[in-house]
Amino acid sequence: MKISGAEAVIRCLLAEGVDLVYGYPGGAIMPVYDELYKFQDQLHHVLVRHEQGATHAAQGYARATGKVGVAIATSGPGATNLVTGIADAQIDSTPMVCITGQVGKHLLGSDAFQETDIIGISTPVTKWNYQVTEASEIPEIIAKAFYIARSGRPGPVLIDITKNAQFDEFEFSYEKCSGIRSYIPVPKLKLDKVAEAAALINSAKKPFIVFGQGIILGQAEEQLKAFIEKSGIPAGWTILGLSALPTDHPLNVGMLGMHGNYGPNMLTNECDVLIALGMRFDDRVTGNLKTYAKQAKVIHFEIDPAEIDKNVKTEVAVLGDVKEALNALLPLIDAKSHDLWHNEFKELHKIEVESVINEELNPTNGKGISMGETMEMINKHSKGDAIIVSDVGQHQMFACRYAKFNSTKSNITSGGLGTMGFALPAAIGAKMGRPDREVVAIIGDGGFQMTIQELGTIFQTKVPVKIVILNNEFLGMVRQWQELFFDNRYASTNMINPNFVAIAEGYYIKSKKVTQRDDLDAAVAEMMASKDSYFLEVMVEKENNVFPMIPTGACVSEIRLS
Amino acid sequence: MEDKTFTISVYSENNVGLLNRISGIFLKRHINILSLNVSESEIENVSRFIIVVDTTEKWVKNIVGQIEKQIEVIKAFYHTDEETIYLENALFKIASSLLFDEKQIQNIIKESQATIVTVSRDFFVISKSGRRSEIEELYAKFKPYGIMQFVRSGRISVSKEKMEISTLLETFK
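Those sequence lines, one after another, are chains A and B.
Per the UniProt record's numbering, the first sequence runs over residues 1 to 562.
Per the UniProt record's numbering, the second sequence runs over residues 1 to 173.
The following block contains the structure:
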């Protein structure tokens, strides 16, 4: 059967199980859009308001479902607008396939209208990219794109398709990719390494588990829980690992890193064996590497060989699939409890509760609403069952610190890249991927205005996401640093904001603004009960700080409570 | 950790864009590439990059890890100078008149074991293969007489030890 390259793109997407794509049309991708029109009953296309929104929506979809997110854009500015989302997906290991249109092959290099070298531009931020210039290449390349995006350590792939390749016809057939000779997605697990790890874990007096998103990407949540429960080892998490273990699990000792909890940070420098599971020792987690867990023997369970010893020297590296590794480890682990050691976490947590958390959740001295108590109110009404999508900044740290989660893939945030503007479109993708779940976006007044136009997408698609703006009329995290490290010089961090409720209402989204603490409960209840999308603006205390805090370059055990 | 000269060898598929992808890994780390050579390897359709950098062993490990992670890279290695046999090639274009007017030039060519590639009415071209220092020495000797053009290739090298790639590549044949 001879079909056009553009039709082949759609048939390939369908063959990969894609039923939802995000995108924005334009000249060089029009043949593909023409086919999207014809296939609209099988492949749903969501028109975003800016291509960056398409990538974040695809990311939100991928993070909530574990499937590959897809974004489509035209050449030139359409393609360059994808770059932020691609970079975000690369550093946060999110499976995503981006398809861009390109000028015809005969025009390549001629500076044609909307021509840009998106292959060159996207190379450093993609797991793989490829420019298709012949229609007949399309099936093999798209098959490879999906295989690469989802296998091993996932990541974004960009496929650039010249216009002639979209128009030209060829004999179509599709075969899924099952391997690439130069690519080993998952290193083969070495059982002797697992045994070494087990011996070290069994001999440890003060073992500590730190886990990251690898647990979620490797679908090893049950194995993690079983490992923790059998070994009795306390476990802390990175913000991308959050929700892999229920927040109320007795051995969940909280968040690691710069604004993490007191106990897990302090005791990172007390433990004798540090067991890292699917995490990459990001600088926001480790603080100063020269003083990070130097007393501990480090065991690193990791899928990506390039991460071993990259930041922290390991004693035992267990390369491979984390689920398979934990399954192999579990029978070798002694059933134990580490009550005395676990108590050290609890004691430090008490200190944090008394000096930070109580005040955050119940502000005194006539202070305005806090971000923490807003999160607590959302917990009350979500009962920990919502997907929380946070943006970047203070509110993100409050969301990660205070949100309750019962199930996995529930915390969606921009971790490594720290992309303001991520949450609103990501929430759209998360809700479309998981329509059965409540999705609440937590966004600051700064980040909201970076992708505010996606309210249009929410209006048009009627996707029932809940949007909470924590408005302190500041770029709060930068302001906090200015207060602490730049002598209160608030350079360009105060925001004169528009009437957000009027804007949301302009998009016909039900809206409410809360300025008084007494109104918060009812407003959150109304939002959570709403069947439609809902916009809730909460005016919060303007100059609140996120604590605890490990200042940049400081040691994890130098964590400050105020 | 102090800087040392490392030779990075990369075996890869022969695809458009891979050079950009690999050079970007150095760019991201603000590391200057001293020399770069790309050619076919001992296996058909498999390219071999030889990249020379001055950096620390910690960085070179990191870089090789990142290179090897690229989808189309089959395997990457790094070696110190002691672990490889390496050389570069240089071409010198010199005015023909000097060959007759300056007798010393002939001696220099003989002593340095350089070869004359071509001679024409106006110029002659000398080729010299060897270590960087040997080429630099020859350059210094020619310099006073005037060099019309000079070019030096990137380093090419083979490892003294057998690379585990050989068996891996066998499966590709």
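A virtual CB, placed ideally from N, CA and C, is assigned to each residue, including glycine.
Coil, strand or helix - Ser97 (chain B) by DSSP: For this step, residue 97 (chain B) is matched to residue 97 along the second sequence. Three-state result, Ser97 (chain B): helix.
> Can you tell me whether Thr515 (chain A) is buried or exposed, with buried defined as 16 or more other CB within 10 angstroms of its CB?
Replying inline: Residue numbering aside, residue 515 (chain A) sits at position 515 when the first sequence is read from its first letter. Exposed, by the Cβ-count rule.
Of the choices A:Lys230, A:Asp272 and A:Ala64, whose alpha-carbon is the least far from that of Lys205 (chain A)?
Within the first sequence, the letter at position 205 stands for residue 205 (chain A). For Lys205 (chain A), the nearest C-alpha among the options comes from A:Asp272.
Contact under 7 angstroms by Cβ, Ile74 (chain B) with Ser112 (chain B): Counted from its first residue, the second sequence places residue 74 (chain B) at position 74. Counted from its first residue, the second sequence places residue 112 (chain B) at position 112. No, these two residues do not count as a Cβ contact at 7 angstroms.
### Query
Does the beta-carbon distance from Leu475 (chain A) to Val538 (chain A) come in below 7 angstroms?
In the first sequence, residue 475 (chain A) corresponds to position 475, counting from 1. In the first sequence, residue 538 (chain A) corresponds to position 538, counting from 1. No, the pair does not count as a contact, with Cβ atoms beyond the cut-off.
*So which of A:Ile308, A:Tyr147, A:Thr461 and A:Tyr292 has the shortest CA-CA distance to Gly17 (chain A)?*
Numbered from 1 along the first sequence, position 17 holds the residue referred to as residue 17 (chain A). It is A:Tyr147.
Self-check item: 6 angstroms Cβ shell around Ile29 (chain A) - same chain, five flanking residues per side excluded
Solution: Position 29 of the first sequence, counted from the first residue, corresponds to residue 29 (chain A). Only Thr74 and Gly101 meet the Cβ criterion.
Q.
I need the straight-line Cα distance from His381 (chain A) to Leu43 (chain A), nearest angstrom please.
A. One-based indexing of the first sequence puts residue 381 (chain A) at position 381. One-based indexing of the first sequence puts residue 43 (chain A) at position 43. Using only the alpha carbons, I get a separation of about 35 angstroms.
Quick one: give me the first and last residue of the beta strand (DSSP E) that Tyr507 (chain A) is part of. Locating residue 507 (chain A) in the first sequence gives position 507, counting from the first residue. Element bounds for Tyr507 (chain A): n/a, residue is neither H nor E.
Find the residues of chain A that neighbour Asn32 (chain B), judging by a C-beta separation of less than 7 angstroms, and give them in chain order. For the purposes of this step, residue 32 (chain B) is identified with residue 32 of the second sequence, where counting begins at 1. Going along chain A, no residue has its Cβ under 7 angstroms from Asn32 (chain B), so there is no contact; the nearest lies around 17 angstroms.
- Would you decide whether Met1 (chain A) is buried or exposed? Buried here means 16 or more other CB atoms lie within 10 Å of its CB. The residue given as residue 1 (chain A) occupies position 1 in the first sequence. Counting Cβ neighbours within 10 Å, Met1 (chain A) comes out exposed, since fewer than 16 surround it.
*asked:* Using only the alpha-carbon positions, how far apart do Asp385 (chain A) and Ser407 (chain A) sit?
replied: Residue numbering aside, residue 385 (chain A) sits at position 385 when the first sequence is read from its first letter. Residue numbering aside, residue 407 (chain A) sits at position 407 when the first sequence is read from its first letter. Roughly 7 angstroms separates the two Cα atoms.
Worksheet item: Does the pairing of the segment 297-305 of chain A with the segment 272-283 of chain A give three or more beta-carbon distances under 8 angstroms?
Response: yes
Exercise for review: Flag Ile86 (chain A) as yes if its beta-carbon sits less than 7 angstroms from any beta-carbon of chain B, otherwise no.
Suggested key: Within the first sequence, the letter at position 86 stands for residue 86 (chain A). With 7 angstroms as the cut-off, Ile86 (chain A) does not count as an interface residue toward chain B.
Query raised in the report: Between Thr374 (chain A) and Pro305 (chain A), what straight-line distance do the alpha-carbon atoms span, to the nearest angstrom?
Result: Looking up residue 374 (chain A) in the first sequence gives position 374. Looking up residue 305 (chain A) in the first sequence gives position 305. Those two C-alpha atoms are separated by around 41 angstroms.
* Asked: In chain B, what lies closer than 9 angstroms to Thr123 (chain A) by C-beta?
  -> On the first sequence, position 123 is the one that residue 123 (chain A) refers to. Going along chain B in sequence order, the residues near Thr123 (chain A) (Cβ under 9 angstroms) are Gly17, Asn20, Arg21 and Gly24.
For chain B, is any of its Cβ atoms less than 7 angstroms away from the one on Ala306 (chain A)? Within the first sequence, numbered from 1, the residue matching residue 306 (chain A) stands at position 306. Ala306 (chain A) counts as touching chain B.
Item checked: Buried or exposed (CB count within 10 angstroms, at least 16 for buried), His30 (chain B) -> Residue 30 (chain B) sits at position 30 when you count from the first residue of the second sequence. That one is exposed.
- Please go through the segment 85-169 of chain A and give each complete alpha helix (DSSP H) segment of 4 or more residues, from N-terminal end onward. 118-122, 138-150 and 163-167
**Request:** Tell me Gly13 (chain B)'s beta-bridge partners as DSSP assigns them.
**Result:** What you label residue 13 (chain B) is simply residue 13 of the second sequence in a count that begins at 1. For the record, residue 13 (chain B) in the displayed sequence is Glu; it is not Gly. The partner list for Glu13 (chain B) (beta bridge, DSSP) reads B:Val46.
Let me make sure I understand the geometry here. Which of A:Pro207, A:Gly553, A:Lys531 and A:Arg560 has the alpha-carbon closest to that of Asn545 (chain A)? Locating residue 545 (chain A) in the first sequence gives position 545, where the first residue counts as 1. Selected option, being the one with the closest Cα: A:Arg560.
Requested in this report: Check each candidate in A:Ile303, A:Leu326, A:Leu251 and A:Lys294 and name the one with the smallest Cα separation from Asn269 (chain A).
Outcome: Here residue 269 (chain A) refers to the residue found at position 269 when the first sequence is read from its first residue. With distances taken between Cα atoms, Asn269 (chain A) lies closest to A:Lys294.
- Item | Three-way DSSP call (helix, strand, coil) for Asp54 (chain B) in this model | Here the question's residue 54 (chain B) lines up with position 54 in the second sequence. Strand, per DSSP.
### Task
Decide if the segment 152-171 of chain A is in contact with the segment 110-123 of chain A; the criterion is three or more beta carbon pairs, one per stretch, under 8 angstroms apart.
yes
task: Reducing DSSP to helix, strand and coil, say where Tyr292 (chain A) ends up.
output: Start at 1 with the first residue of the first sequence, and residue 292 (chain A) comes out as number 292. Reduced to three states, the DSSP call for Tyr292 (chain A) is coil.
Considering just the uninterrupted stretch of the alpha helix (DSSP H) at Met432 (chain A), what are its terminal residues? For this step, residue 432 (chain A) is matched to residue 432 along the first sequence. Start and end: Ala423 to Gly433.
Would you kindly report the start and end of the unbroken beta strand (DSSP E) that includes Pro207 (chain A)?
Here residue 207 (chain A) refers to the residue found at position 207 when the first sequence is read from its first residue. Start and end: Pro207 to Phe211.
Margin query: Can you tell me where the alpha helix (DSSP H) holding Val32 (chain A) begins and where it ends?
Written below: Stepping through the first sequence from its first residue, residue 32 (chain A) is reached at position 32. Met30 to Lys38 is the extent of the alpha helix (DSSP H) around Val32 (chain A).
**Prompt:** Just the Cα atoms here: how many angstroms apart are Ala165 (chain A) and Glu137 (chain A)?
**Reply:** In the first sequence, the residue the question calls residue 165 (chain A) occupies position 165. In the first sequence, the residue the question calls residue 137 (chain A) occupies position 137. Roughly 9 angstroms between the two C-alpha positions.
When A:Glu169, A:Tyr61 and A:Leu455 are compared against Phe500 (chain A), the one with the closest alpha-carbon:
Locating residue 500 (chain A) in the first sequence gives position 500, counting from the first residue. Checked all of A:Glu169, A:Tyr61 and A:Leu455; the closest Cα to Phe500 (chain A) is A:Leu455.
Quick check on the burial criterion: 16 or more other C-beta atoms within 10 angstroms. Buried or exposed for Pro498 (chain A)? The residue labelled residue 498 (chain A) in the question sits at position 498 within the first sequence. That one is exposed.
Residues that Ile74 (chain B) contacts on chain A, provided the C-beta gap is smaller than 7 angstroms: As a position in the second sequence, residue 74 (chain B) is number 74, starting the count at 1. The answer, in chain order, is Ser182.
Quiz item: Which partner residues does Tyr86 (chain B) have in the DSSP bridge list?
Solution: The sequence position of residue 86 (chain B) within the second sequence is 86, counting from 1. B:Ser157.
Practice prompt. Starting from His79 (chain B), trace the beta strand (DSSP E) both ways and give me its first and last residue.
Written response: One-based indexing of the second sequence puts residue 79 (chain B) at position 79. Counting along the chain, the beta strand (DSSP E) containing His79 (chain B) begins and ends at Val73 to Thr80.
Which same chain residues end up closer than 6 angstroms to Gln52 (chain A) when comparing Cβ atoms and leaving out the 5 residues on each side of it in sequence? Indexing the first sequence from 1 puts residue 52 (chain A) at position 52. Asn81, Thr84 and Gly85.
TODO: Compare the C-beta of Glu13 (chain B) against all C-beta atoms of chain A and say whether one is closer than 7 angstroms.
DONE: Locating residue 13 (chain B) in the second sequence gives position 13, counting from the first residue. It does: the Cβ of Glu13 (chain B) has a partner Cβ on chain A nearer than 7 angstroms.
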